[in-house]
Amino acid sequence: MRREKILRIAYEKFSIKGYNTPLSEIAVAAGIKKQSIYNYFENKDALFFEMIKLEVDVYFHERLDEIRILKDGDPEEQLKTIFFSIIDYYSDISKLKFWRWLLLIDSKDLFERTQASIHYYESEISKELQSCVANLLQDEKKVEEYAIPIIQSFMTVLHGTLDGILLYQDVFDTEIYTENVWFMFWTGVKCIINQDSKE
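Convert by adding 856 to the 1-based position in the sequence shown; the result is the number in my numbering.
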């Protein structure tokens, strides 16, 4: 129980300050002495890695489950559902900040272990998205030419949208902003597909 409480508080503090969060601050919030943390975790990196891995595992398992459930549906709806599902997950700004802090971890070992875990899941999602885009294009030549650019654009638009939400959440309506971003992305994809099919 106490271990879970330490992990929860570590997540909350990391979302605010990132890797620079002192263990003493986590201990105070957990109602324990700093030294007591070492009864559960070898060191700061061990605590943070377990906390990070818990969030990373939950996030990617949810995304992969969503993609697989939608696998036999309309490819446009599948991509759109995944896009807005991810946006919805990050509607909790603390989650968005948490993931941004993962790029700024000072410990080289923790950073590399974290990125390895994320890259593994991202490769799994990429495989699922390639299958979705292949169903969308329905032609081997189109798949070869456009599948990777579409997936890369999808991920770039997604991350850019999240950065925009973080930077401009108090400036404009994020729901309208997100809808506009999706509309422009999908319009571009349709134009490329239609132009190719006419040749």
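The C-beta atom is built at its ideal place from N, Cα and C for all residues, glycine as well.
Residue i classed as buried or exposed, judged by whether at least 16 other C-beta atoms fall within 10 angstroms
i, result
"S947", "exposed"
"M1040", "exposed"
"R919", "buried"
"I1032", "exposed"
"I1004", "exposed"
"F1028", "exposed"
"L926", "buried"
Residue from the options whose Cα sits closest to the Cα of residue i
i, options, result
"E933", "I865, V884 and C988", "C988"
"L952", "Q986, L993, R858 and H1015", "H1015"
"T1034", "K1046, I943, E984 and I1006", "I943"
"R858", "C1047, K889, H917 and M1011", "K889"
"L903", "L993, F1028 and I862", "I862"
Limits of the unbroken alpha helix (DSSP H) element including residue i
i, result
"F904", "K900 to I925"
"S963", "Premise fails: S963 is in no alpha helix (DSSP H) and is neither H nor E."
"M1092", "Past the edges of the chain, shown from 857 to 1055, lies residue 1092, and the structure says nothing about it."
"V1027", "From DSSP, V1027 is part of no alpha helix (DSSP H); its letter is neither H nor E."
"L958", "Premise fails: L958 is in no alpha helix (DSSP H) and is neither H nor E."
"P931", "P931 to Y945"
"Y867", "R858 to K873"
"I882", "L879 to A886"
Distance CB(residue i)-CB(residue j) smaller than 9 Å
i, j, result
"E922", "S950", "no"
"G874", "L960", "yes"
"L1018", "L985", "no"
"S982", "I1007", "yes"
"I893", "A885", "no"
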